[in-house]
């Protein structure tokens, strides 16, 4: 009697794409549904075991009946028994694997697969400080499934600067967790013209006085879109950037130089008004201490060329800039320093100005110019490097060649502060144990208010 044929086990549901995961419902299935699935799986396994036993008994019966007919028959029947049992066992294994894969896929759908960083042991916050975190996500959708949400729940920064989100519109809801979404009522987005490319957002518990996503003076708006968000607060400017990359074989180094020229002029103009906090992915390794293979990469790899490192050093040291052919940077008027700014129900408005106070401030600036007073140099501090002068640590690890496990990385993400407020930085740390992107977060604790 031939063995019974069984239907193939159903294949596991494919894992949703990033876009599908971003738009999908993150609510897990009800307990009754999970219970029903579990009972169905148990019944399936019981039927499989019962069928294996029945087939084995039938073949054994035939073998005993045919004993008198000769050894060959008995040997053939025994072989059939082994084959039948093996085949059924394999089917059972396939069913178990399929069931496990299906359960795993359901779990992915239910929790957006955000299972990394669930056991983070972060240091407690420094008392009387405000925490700002910066992280290049390498894609909002991908990072949301790899550890973004548990990290934010553990870190709880007051302001969050996220670069390379690769979105073309703001997600809704902001996060699946309502409490986490409610923590950041103010979200200011910059989107690239190109779909799925670059992108910068600042999420804040504090409402700024004004918002801009422009780089004044830059001739190519498309090259700027998605790369910068500037928030004005009563005492500081916060600038988040995803700086242009010089590209493979330095093919976009000219575009990087163009950015560096206009950004240097811009940050100096901001600093002339009030102190600046500049952070994000700056796409430069300032010194040989900031990458693993400095000698091999010098003037060959994007981020570590004479042009790029000199431009960064020029910002820090207030070096001379060949910009005489350009008019002054056209900054918007300073905003009114109000304790209770007007409400903003919308997020992501470009170049939004709340109020305006030109008379007194502009009058003071004109008096300084007429008086012929000496122009003060804008000096900035790379805070992490100042606090860790000899440490070699990185914020970026290529996905290729297992670089993170080998410790082969670059320090491309920084907090750069106007010199006159650099002393307010109490800590600045790289979160090397956080996963979810090819970058890791960088966190600044600042004394006082923004």
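In the UniProt record's numbering, the protein residues as written are 1 to 450.
All residues carry an ideal CB built from backbone N, CA and C; glycine is no exception.
Rounded to whole angstroms, what's the CA-CA distance from residue 210 to residue 273? Just pull it up for me.
Translated into positions along the chain shown, residue 210 becomes position 210. Translated into positions along the chain shown, residue 273 becomes position 273. When rounded, the distance between both Cα atoms is 14 Å.
According to DSSP, which residues form a beta bridge with residue 443?
Sequence index remark: in the chain shown, residue 443 carries index 443 (1-based). Paired residue(s): 133, 429.
Rounded to a whole number of angstroms, what is the C-alpha to C-alpha distance between residue 435 and residue 173?
Taking the first residue of the chain shown as 1, we reach residue 435 at position 435. Taking the first residue of the chain shown as 1, we reach residue 173 at position 173. Between residue 435 and residue 173, the C-alpha separation is close to 23 Å.
Report back the beta-carbon spacing between residue 189 and residue 166 to the nearest angstrom; my notes put them in contact at under 8 Å.
For the purposes of this step, residue 189 is taken as residue 189 along the chain shown, with counting starting at 1. For the purposes of this step, residue 166 is taken as residue 166 along the chain shown, with counting starting at 1. 12 Å between Cβ atoms; not a contact.
Find out if the Cβ-Cβ distance for the pair residue 239, residue 259 is shorter than 8 Å.
The residue labelled residue 239 in the question sits at position 239 within the chain shown. The residue labelled residue 259 in the question sits at position 259 within the chain shown. No. Outside cutoff.
Limits of the unbroken beta strand (DSSP E) element including residue 186
By one-based count along the chain shown, residue 186 stands at place 186. Looking at the DSSP string, the run of the beta strand (DSSP E) that includes residue 186 is 186 to 190.
Over what stretch of residues does the alpha helix (DSSP H) that includes residue 295 continue unbroken?
Counted from its first residue, the chain shown places residue 295 at position 295. Where residue 295 is concerned, the enclosing alpha helix (DSSP H) starts and stops at 294 to 297.
Please state the DSSP three-state secondary structure of residue 256.
Position 256 of the chain shown, counted from the first residue, corresponds to residue 256. Helix.
Comparing C-alpha positions only, which one of 377, 397, 437 sits nearest to residue 143?
The residue you call residue 143 lines up with position 143 of the chain shown. If we check each option's Cα against that of residue 143, 437 comes out closest.
When the Cβ atoms of the segment 118 to 136 are set against those of the segment 375 to 391, are three or more pairs found closer than 8 Å?
no
Between residue 312 and residue 270, is the Cβ-Cβ spacing less than 8 Å?
Counting from one through the chain shown, the residue named residue 312 turns up at place 312. Counting from one through the chain shown, the residue named residue 270 turns up at place 270. No. Outside cutoff.
Figure out for me which residue from 285, 422, 185 has the closest Cα to the Cα of residue 392.
The residue you call residue 392 lines up with position 392 of the chain shown. Across the set 285, 422, 185, the C-alpha of 285 shows the shortest separation from the C-alpha of residue 392.
In the DSSP assignment, find the alpha helix (DSSP H) that holds residue 315 and state where it starts and stops.
As a first step, residue 315 must be located in the chain shown, where it is residue number 315. 306 to 317 is the span of the alpha helix (DSSP H), which, as asked, contains residue 315.
Straight-line CA distance for residue 386 to residue 433?
One-based indexing of the chain shown puts residue 386 at position 386. One-based indexing of the chain shown puts residue 433 at position 433. Distance between the alpha carbons of residue 386 and residue 433: 22 Å.
Which of the three DSSP states is assigned to residue 394 in this structure?
The residue you call residue 394 lines up with position 394 of the chain shown. Coil.
For residue 426, which residues of its own chain have a beta-carbon under 6 Å away from its beta-carbon, when the five flanking residues on both sides are left out?
Start at 1 with the first residue of the chain shown, and residue 426 comes out as number 426. These residues qualify, in order along the chain: 126, 129, 445, 447.
3-residue-minimum beta strand (DSSP E) runs that sit fully inside the segment 156 to 187, ordered along the chain
159 to 163, all fully within the segment 156 to 187.
Measuring from the CB of residue 205, is there a heavy atom of the ligand ADP at a distance below 7 Å?
Although the ligand ADP was asked about, the structure shown includes no ligands whatsoever.
By the three-class DSSP mapping on this structure, what secondary structure does residue 279 have?
Taking the first residue of the chain shown as position 1, residue 279 is located at position 279. Strand, per DSSP.
Simplified DSSP state of residue 381, which is helix, strand or coil
In the chain shown, counting from the first residue as 1, residue 381 sits at position 381. Strand.
Where does the unbroken beta strand (DSSP E) through residue 201 begin, and where does it stop?
The residue you call residue 201 lines up with position 201 of the chain shown. Boundaries of the beta strand (DSSP E) around residue 201: 200 to 204.
By the DSSP assignment, the beta strand (DSSP E) with residue 224 in it spans what residues?
Locating residue 224 in the chain shown gives position 224, where the first residue counts as 1. That residue, residue 224, is in no beta strand (DSSP E); its alpha helix (DSSP H) goes 221 to 224.
Is it a yes or a no for the segment 295 to 303 touching the segment 244 to 253, going by three-plus beta-carbon pairs under 8 Å?
With contact defined as three or more Cβ pairs closer than 8 Å, the segment 295 to 303 and the segment 244 to 253 are in contact.
Relative to the C-alpha of residue 324, which residue among 262, 289, 164, 227 is closest?
Here residue 324 corresponds to residue number 324 of the chain shown, with the count starting at 1. Comparing Cα positions, the closest option is 262.
Do you know offhand how far residue 451's Cα is from residue 306's?
Not covered by the structure: residue 451. The range shown for the chain is 1 to 450.
What is the C-beta distance between residue 192 and residue 225, in whole angstroms, given that I count them as a contact (C-beta under 8 Å)?
Position 192 of the chain shown holds residue 192. Position 225 of the chain shown holds residue 225. Going by Cβ atoms, the distance from residue 192 to residue 225 rounds to 5 Å, so yes, they are a contact pair.
Given a cut-off of 8 Å, decide if residue 322 and residue 439 are closer than it, judged by their beta-carbon atoms.
Counting from 1 along the chain shown, the entry for residue 439 is found at position 439. Counting from 1 along the chain shown, the entry for residue 322 is found at position 322. The answer is no: Cβ separation not under 8 Å.
Which partner residues of residue 417 appear in the DSSP bridge assignment?
Within the chain shown, the letter at position 417 stands for residue 417. DSSP, once it has assigned bridges, lists 277, 381 as partnering residue 417.
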